[in-house]
Amino acid sequence: WESREALPEREGDALSGKPPKDVRGLEDLRAWCEERPECLGFALRREGDSPADWGFFPKKRDSGFEAGVAKWNSKKHGAEKWEYHYMLERAGPQAKDALPEFLSGAVGPWKLGKLVLNYGRPEAEEPPKVGDTVEYRIESIVLDGHTVPGVPGDIQRTVLGDGLACEAVEFALLKMTLGERSKVFAPWSLVASAPPVPAEAAEAMVQGGAKEAEIVLELVSAEQGPEMAALKALEGPGGNDDDNLPPEEAKEARKKQIGELLQHASRVKDAGTRLFKGQRLLLALARYLQLAELLAILDFDAKLDQIDPLSGMLGLTPTVFKEGQQELKILLGEEIVAETKVLLIAARLNAALCWLHLKEWAKAAGACQTVLDADPANIKALYRMAQAKVGLDEFDEARTSLQTALKLQPDNTDASRMLVEVTKKCKEEQAAEKERLAKLRQAFQRGEAKRGGARQSAAQPEGNQPKDQTGLGDDAV
Numbered sequence: 033w034e035s036r037e038a039l040p041e042r043e044g045d046a047l048s049g050k051p052p053k054d055v056r057g058l059e060d061l062r063a064w065c066e067e068r069p070e071c072l073g074f075a076l077r078r079e080g081d082s083p084a085d086w087g088f089f090p091k092k093r094d095s096g097f098e099a100g101v102a103k104w105n106s107k108k109h110g111a112e113k114w115e116y117h118y119m120l121e122r123a124g125p126q127a128k129d130a131l132p133e134f135l136s137g138a139v140g141p142w143k144l145g146k147l148v149l150n151y152g153r154p155e156a157e158e159p160p161k162v163g164d165t166v167e168y169r170i171e172s173i174v175l176d177g178h179t180v181p182g183v184p185g186d187i188q189r190t191v192l193g194d195g196l197a198c199e200a201v202e203f204a205l206l207k208m209t210l211g212e213r214s215k216v217f218a219p220w221s222l223v224a225s226a227p228p229v230p231a232e233a234a235e236a237m238v239q240g241g242a243k244e245a246e247i248v249l250e251l252v253s254a255e256q257g258p259e260m261a262a263l264k265a266l267e268g269p270g271g272n273d274d275d276n277l278p279p280e281e282a283k284e285a286r287k288k289q290i291g292e293l294l295q296h297a298s299r300v301k302d303a304g305t306r307l308f309k310g311q312r313l314l315l316a317l318a319r320y321l322q323l324a325e326l327l328a329i330l331d332f333d334a335k336l337d338q339i340d341p342l343s344g345m346l347g348l349t350p351t352v353f354k355e356g357q358q359e360l361k362i363l364l365g366e367e368i369v370a371e372t373k374v375l376l377i378a379a380r381l382n383a384a385l386c387w388l389h390l391k392e393w394a395k396a397a398g399a400c401q402t403v404l405d406a407d408p409a410n411i412k413a414l415y416r417m418a419q420a421k422v423g424l425d426e427f428d429e430a431r432t433s434l435q436t437a438l439k440l441q442p443d444n445t446d447a448s449r450m451l452v453e454v455t456k457k458c459k460e461e462q463a464a465e466k467e468r469l470a471k472l473r474q475a476f477q478r479g480e481a482k483r484g485g486a487r488q489s490a491a492q493p494e495g496n497q498p499k500d501q502t503g504l505g506d507d508a509v
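Every number in this note's numbering is 32 more than the matching position in the sequence shown, counting from 1.
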């Protein structure tokens, strides 16, 4: 328990119910609150010498009365003497979800919390992005309640998404603002893959069955990565930087900018592949999704509803954005357009592969569908779609994807082998469904027969009704 001699500007909602009787002192009031999980604390006005005369107002959890968010005002009620007593566990600042946006809606065991200890500078509103270079400092690491020795307290420098730090640190930094200091709560699976935990300590923790980690982390500086800088340099499909150049020079400048963007995109793909081979699946996925975002401006097959987010980021309407894309398509020529499409499809297929390995079947199916919308004959997309559908127990749809793939590529042994297994599953499902329907029909027919017999008995004269042989009377069911 802690207390303040002041009240927050928003007093929050009081609990219903009568306060305790026969109050002997402050401890009775605290005990009353502790017994009720929905109580986070109480406001108290000591109106007289006797506790029976005190004003006691218990407050609900999550009602705006929390100690961590309140603005305190000791003069709120004039000369009245108020106190606020609260339980730190219930009323203190709460950890927020620190997982990256791309894991939103995922069904896997991904948990990452972040409790802000010191907020960042007011002007630093935007957190860094994948590909940005950041400097950070690790103050301490606690694993299952034990402080890890040998943690370097000096400033570390890394490129977000390169995997030099563990996933817990990488993802937490993506949710922090410049100058912010936070405590990060992570499962061991997001900590064990890379620093800052020293190798010796990590090995000891693995042998000891470590489960959870707490990392106190500070974001010291951030620089925009070259990939995002190249994207923003385009300023939309039409571009604005080259308005003062002659038309031909402006076109060449635009082609050069696109070329630089594609070079950066190729390096992002290589980074994702390296992480994937190292089994850093979440970071590999982050890189592949970053690649798709970089190339979205050159996704000439995208529909208007698919380009809304990017066109909004660039301050353009979808229609104007699409018109600019057509100009770019003519400017770049068929060879560069084809190269861009291959790179974009690779990003989405590799993202789907990561989702499959993570057993996020719905996410994998969505990534495959995006590829198939642009390229319905893509064999890898059809095969991975079938894998995702099997994971979702949607065997009919998996069979359809495989059959389409084999029509396009009859000698695909992987698809042929999988089709045999999926067809067997489909037959098993059909047989089980047939048996289920048969049982339902039998139950329905028995019910009808029983109801028909009851109607016939009810129609007979009283004296002619059959005698109950069960001894249970009308209560038997």
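By construction, the Cβ of each residue, glycine as well, lies at the ideal position given by its N, Cα and C atoms. Here the structure is a predicted model, which means the values were calculated and not measured.
Contact between the segment 368-383 and the segment 321-328 is present: three or more C-beta pairs spanning the two stretches fall below 8 Å. Ile290 is classed as buried because its beta carbon has at least 16 other beta carbons within 10 Å across all chains shown.
Of all alpha-carbon atoms in Leu330, Leu363, Leu376, the one lying nearest the alpha-carbon of Lys354 is that of Leu330. For Glu429, the CB contacts under 6 Å within the same chain, skipping 5 residues up- and downstream, are Lys421 in chain order.
Three or more Cβ pairs closer than 8 Å define a contact, and the segment 84-97 meets that threshold against the segment 51-68. The closest CA to that of Glu34, considering only Arg56, Glu115, Ala84, is found on Glu115.
Under the three-state reduction of DSSP, Pro258 is assigned to helix. For Pro90, the pairing in a beta bridge is given by DSSP as Phe74.
A distance below 6 Å between beta-carbons, with the five flanking residues on each side excluded, links Lys301 to the following residues of its chain, in chain order: Leu323. Counting only runs of 3+ residues, the beta strand (DSSP E) found wholly inside the segment 127-180 occupies 145-150, 165-175, in chain order.
Here Leu294 is not near Leu135, since their CB atoms are 9 Å or more apart.
Pairing Leu249 with Met208 gives a Cβ-Cβ distance under 9 Å. The closest CA to that of Thr445, considering only Ile411, Arg468, Lys459, is found on Ile411. Non-local beta-carbon contacts of Glu70 in its own chain, meaning distances under 7 Å to residues more than five positions away in sequence, involve Leu47, Lys92, Arg93 in chain order. It is roughly 14 Å from the alpha-carbon of Tyr118 to the alpha-carbon of Asp60. In this structure, the straight-line span from the alpha carbon of Ala285 to that of Ala262 is close to 13 Å. Per DSSP, Val216 is one residue of the beta strand (DSSP E) stretching across 213-219.
Secondary structure of Arg431 (DSSP, three-state): helix. In the displayed model, Trp64 falls within a helix according to three-state DSSP. For Gln401, there is no enclosing beta strand (DSSP E); the residue is found in the alpha helix (DSSP H) stretching over 393-406. Looking from the CA of Ala254, the closest CA among Arg169, His296, Phe427 belongs to Arg169. One Cα belongs to Ala84, the other to Leu72, and the distance between them is close to 22 Å.
Residue Thr436 holds the alpha-carbon nearest to the alpha-carbon of Leu414 among Gly80, Thr436, Ala394, Lys215. Under the three-state reduction of DSSP, Ser448 is assigned to helix. DSSP, reduced to helix, strand and coil, places Glu366 within a helical segment of the structure shown. Membership of Ser35 in the beta strand (DSSP E) is indicated by the continuous run 34-36.
Under the three-pair Cβ rule at 8 Å, the segment 364-371 does not count as touching the segment 398-406. The DSSP-derived three-state label of Ser253 is strand.
As computed with DSSP, Arg189 is found in a beta bridge with Glu167. Within the same chain, Leu313 come within 6 Å of His389 by CB-CB distance, once the 5 residues on both sides are set aside. Val248 is bridged by DSSP to Ser172, Lys215. DSSP places Ala224 in the coil class of the three-state scheme, outside both helix and strand. Contact check for Val166 against Arg189 passes: the beta carbons are separated by less than 9 Å. In the same chain as Glu392, and ignoring 5 residues on each side of it, the C-beta atoms closer than 7 Å to its own belong to Ala138, Val139, Gly140, in chain order. Annotation: Ser448 to Ala409 spans about 17 Å, alpha carbon to alpha carbon. Residue Leu434 holds the alpha-carbon nearest to the alpha-carbon of Gln419 among Ala406, Asp405, Asp407, Leu434.
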